[in-house]
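Data first, discussion second: the structure below is written as structure tokens.
Protein chains in written order, with my numbering: chain A, -1 to 451; chain B, 89 to 431.
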């Protein structure tokens, strides 16, 4: 017989009371204002969940810099950045609805379970009213689902898979970044113009949801204009040496290699492809070409000279306004703020997170409420400008932003370490717009917005 | 046929890396009896020796170029390497382009020093502890080392190219009577293979034909008896740890142009290298080398598109499948000896 003074019944009772006690403040806060984590009169807390370790730590660090800059600008510090160019004039540098903006940050490690736990901690312990950040579609889908469950707004960071606003879309989640379909739609005409319509493509694809949707998007867009897909091969996400996958490409009958890889995967597979002489090779009487559907400046830096001449797509580029004029106003304002503070130009990951934070603050201010359903209404079919991408629409049907997409090419002779890509063309928004129920996005439903109370 | 030759060639360079790491692991296990889970991190440190040496050569001072502007519209600050001031632009550029092979000279003393510090400062305290303790402490050390590298160099891969003379590929197929551009093999991978053969031969020759090596081999067979002869075998074993670190380090240096160095690359190799050691036979140097090449080639074959499409995922498990089969049929591995790693 046990001598313990604890009885099972006692432990259960104490546990129940303690849980109820801990949950009470959150419940009361939700009840008093009708939504989860209603802020007090003085300040409001935003949650920045970014990868600070793992393969995308550099993207995460850049996102965090931009998010900190956004908080400064919202609170009236610094030069104001894009607040000066944003078409909506609701924000005046006095915080959000008169409350000082504070933030908590956490490391999502680019792991879905960690990202979910990090966001949950921010919501439950720190009272975060909105979560943003992230550099992977896996983490975005996981955190978006959590935010939908608990009644918090999720402003997605860098997530490119169709699923985020496709089969996994949620009413409480919003994406400013472009997606795989848009990359395919933007790239295909440029690829046809540059390389011709009689081409045979070989795809190497990262074995996870972003890889699948990107391969599908590029395949369908390029096949529609006449390209033939010779082969598609999935590569493990953990692969570092792609030689076994690259070597058979030359004898496959293909004359184009599409690398549906991102981050370290892309740096290594592209390096291997160049080492195996693919860029200098001839196949089917044509120059062999390599395509990287999703570009990033940080990745281009990693790939070094191997990126020269390679076509890809981007959501935004820091040179947009200088090269293509005032249609992309806001770009220079953001580059100036970011560059003066940190000493280098911002990445597209930084840009999308900064813009998402300002868009959230603006939506709350226009709605006059922090309630997720009020934010949902304020962002529904919201048209804005001055955020660096030209005129943009936040579509209510799937919470996806629609704007021009940039097609870029690795520079042959970069003048400095930041000037690695050149803008080839900007694909107008009309060419990358699709029906919300397009087959590549089918199977999902936004559902109803959730205030959490 | 051409695809088979391509994959054999691919397997050779992959196998070279496995063999070099496994050789070091086996040396440490055979001499000190320590299961060193930080050995992959030593390979990674070697790669970053190449990065560091390249950056040292490119160490620069700023010169303001009033004729050009930076991204903020300010006069452009141009970085001019000191080496360019001292040796002129052409020679300086050539030296910087050859930084990877040159960094071997930098990596050897650095890696031996790191190896000695790790052995004297940490590992020696775990000689008499169970293997589980050794694995835990060396695994912890590996994580610390990779986090230090990430702090200083960031998380993204850093391109460290081979000298321009070795860019491009050899049309291997023409030599074998195939059509042009049927079997291409990058020059640097070929160099890596021959380099690893030289290093492996050098280590074997050192152990086989020098008095020092003879004493070490005797110590590996019977440590106590060698000690009774008045030989300070511990000192020699400590040196062997430094040598194993240097082998892993220069393997990493030469691998830098093949896979861009990143802080996690040691972990990518670690588990596979342990499988190589176990398959080769614990404590067997020839076994480690043979298993390294064998598993490298098998992994390469398993990654062929037609095989991956027929057996999805086979490329990720082939090494472990083969390891299971070999250990079931030869429990001591390919060349393992009785009494080693056995109670």
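Where a beta carbon is used, it is the ideal one built from N, C-alpha and C, also for glycine.
| With a cut-off of 9 Å, does the C-beta of residue 67 (chain A) fall near any C-beta of chain B? | By this cut-off, residue 67 (chain A) is not an interface position.
| said: Run through the DSSP bridge pairs and tell me what residue 110 (chain B) is partnered with. | reply: Under DSSP, residue 110 (chain B) forms no beta bridge with any residue.
| said: Quick check: the region 305 to 314 of chain A against the region 280 to 298 of chain B, are at least 3 beta-carbon pairs closer than 8 Å? | reply: Put simply, the region 280 to 298 of chain B does not touch the region 305 to 314 of chain A. Fewer than three CB pairs are less than 8 Å apart.
| In the region 335 to 346 of chain B, which residues sit with their C-beta less than 7 Å from some C-beta in chain A, listed in chain order? | The residues in question are 346.
| said: Along the chain, where does the beta strand (DSSP E) containing residue 229 (chain A) start, and where does it finish? | reply: Note, residue 229 (chain A): beta strand (DSSP E), 226 to 233.
| Whole-Å CB distance - residue 349 (chain B) paired with residue 245 (chain B), under 8 Å assumed | Contact between residue 349 (chain B) and residue 245 (chain B) holds, since their C-beta atoms are separated by about 7 Å, short of 8 Å.
| Contact list for the region 234 to 247 of chain B against chain A, Cβ threshold 9 Å | With the criterion set as a beta carbon lying under 9 Å from some beta carbon of chain A, the members of the region 234 to 247 of chain B are 235, 238, 242, 243, 244, 245, 246 and 247, in sequence order.
| Complete runs of the alpha helix (DSSP H) confined to the region 366 to 427 of chain A [at least 4 residues] | Segments of the alpha helix (DSSP H) lying fully in the region 366 to 427 of chain A: 370 to 377.
| 8 Å contact criterion, which residue 204 (chain A) and residue 233 (chain A) should meet: CB distance rounded | Rounded, the Cβ-Cβ distance is 6 Å, consistent with contact.
| task | Note down the Cα distance separating residue 280 (chain B) from residue 146 (chain B), rounded to an integer number of angstroms. | result | The straight-line gap separating the alpha-carbon atoms of residue 280 (chain B) and residue 146 (chain B) is approximately 25 Å.
| query | If you scan the region 253 to 317 of chain A from start to end, which runs of the beta strand (DSSP E) of 3 or more residues do you find wholly inside it? | reply | Whole beta strand (DSSP E) segments, 3+ residues: 254 to 258, 287 to 292 and 309 to 312.
| Which residues mark the beginning and the end of the alpha helix (DSSP H) in which residue 511 (chain A) is found? | Nothing about residue 511 (chain A) can be read from this structure; chain A reaches only from -1 to 451.
| message | Counting only Cβ pairs nearer than 8 Å, list the residues of chain B close to residue 278 (chain A). | response | Near residue 278 (chain A) (Cβ distances below 8 Å), the residues of chain B are 256.
| query | Any chance the region 91 to 111 of chain B sits against the region 350 to 357 of chain A, with 3 or more Cβ pairs inside 8 Å? | reply | No, the region 91 to 111 of chain B does not touch the region 350 to 357 of chain A.
| Between the C-alpha atoms of residue 178 (chain A) and residue 211 (chain A), what's the straight-line distance to the nearest angstrom? | One alpha carbon belongs to residue 178 (chain A), the other to residue 211 (chain A), and they sit about 6 Å apart.
| If you measure from the beta carbon of residue 418 (chain A) to each beta carbon in chain B, is any gap under 9 Å? | No, residue 418 (chain A) does not count as interfacial toward chain B.
| Neighbour list for residue 353 (chain B) in chain A, Cβ cutoff strictly below 8 Å | Contact of residue 353 (chain B) with chain A by beta-carbon distance below 8 Å involves 238.
| With 16 as the cutoff for other CB atoms within 10 Å, does residue 287 (chain A) come out buried or exposed? | The residue in question, residue 287 (chain A), is buried, as its Cβ has 16 or more Cβ neighbours within 10 Å.
| task | Confirm, please, whether the CB-CB distance from residue 294 (chain B) to residue 317 (chain B) is below 9 Å. | result | The answer is no: Cβ separation not under 9 Å.
| For residue 104 (chain A), does the count of other Cβ atoms within 10 angstroms reach 16, so buried, or fall short, so exposed? | The residue is buried, with at least 16 neighbouring Cβ atoms inside 10 Å.
| field | Presumed contact (8 Å Cβ cut-off) between residue 162 (chain A) and residue 138 (chain A), rounded CB distance | value | Right, their Cβ atoms sit about 5 Å apart.
| query | How many Å lie between residue 430 (chain A) and residue 186 (chain A) at the Cα? | reply | Answer to the nearest angstrom: the Cα atoms are 11 Å apart.
| residue 374 (chain B) to residue 243 (chain A) span [Cα, whole Å] | Here the C-alpha atom of residue 374 (chain B) lies approximately 29 Å from the C-alpha atom of residue 243 (chain A).
| task | Would you mind sorting residue 312 (chain B) into buried or exposed? The rule is 16 or more other CB atoms within 10 Å of its CB. | result | Flag for residue 312 (chain B) reads exposed.
| Just curious, the alpha helix (DSSP H) that residue 71 (chain A) is in, first and last residue? | Residues 55 to 72.
| request: Check residue 167 (chain B) in the structure and name its three-state DSSP category. | output: Per DSSP, reduced to three states, the secondary structure at residue 167 (chain B) is strand.
| request: Can you say whether residue 405 (chain B) is buried or exposed, counting buried as having 16 or more other CB atoms within 10 angstroms of its CB? | output: It counts as exposed.
| query | In or out: residue 363 (chain A) buried (at least 16 other Cβ within 10 Å) or exposed? | reply | In this structure residue 363 (chain A) is buried. Its beta-carbon is surrounded by 16 or more other beta-carbon atoms within 10 angstroms.
| request: Look up residue 435 (chain A) in the DSSP assignment and say whether it is helix, strand or coil. | output: In the structure shown, residue 435 (chain A) sits in coil (DSSP, three-state: anything other than H, G, I, E or B).
| query | Counting contacts by CB-CB distance shorter than 9 Å, is residue 360 (chain B) in contact with chain A? | reply | Not one chain A Cβ lies under 9 Å of residue 360 (chain B).
| query | Quick one: which chain A residues come within Cβ less than 9 Å of residue 253 (chain B)? | reply | What residue 253 (chain B) touches in chain A: nothing, since even the nearest Cβ is about 14 Å away.
| query | So, helix, strand or coil for residue 241 (chain A), using DSSP? | reply | Here residue 241 (chain A) sits in helix by DSSP.
| Which stretch, first to last residue, makes up the alpha helix (DSSP H) that contains residue 332 (chain B)? | Segment 321 to 343, the alpha helix (DSSP H) holding residue 332 (chain B).
| Does any residue of chain B bring its CB to less than 9 Å from the CB of residue 207 (chain A)? | Proximity of residue 207 (chain A) to chain B, defined by a Cβ-Cβ separation below 9 Å, is not satisfied.
| request: Could you spell out the range, first to last residue, of the alpha helix (DSSP H) harbouring residue 359 (chain B)? | output: Residue 359 (chain B) -> alpha helix (DSSP H) spans 353 to 368.
| query | Using 8 Å as the Cβ pair cut-off and three pairs as the minimum, do the region 40 to 47 of chain A and the region 92 to 106 of chain A touch? | reply | The answer is yes - the region 92 to 106 of chain A touches the region 40 to 47 of chain A, with three or more Cβ pairs under 8 Å.
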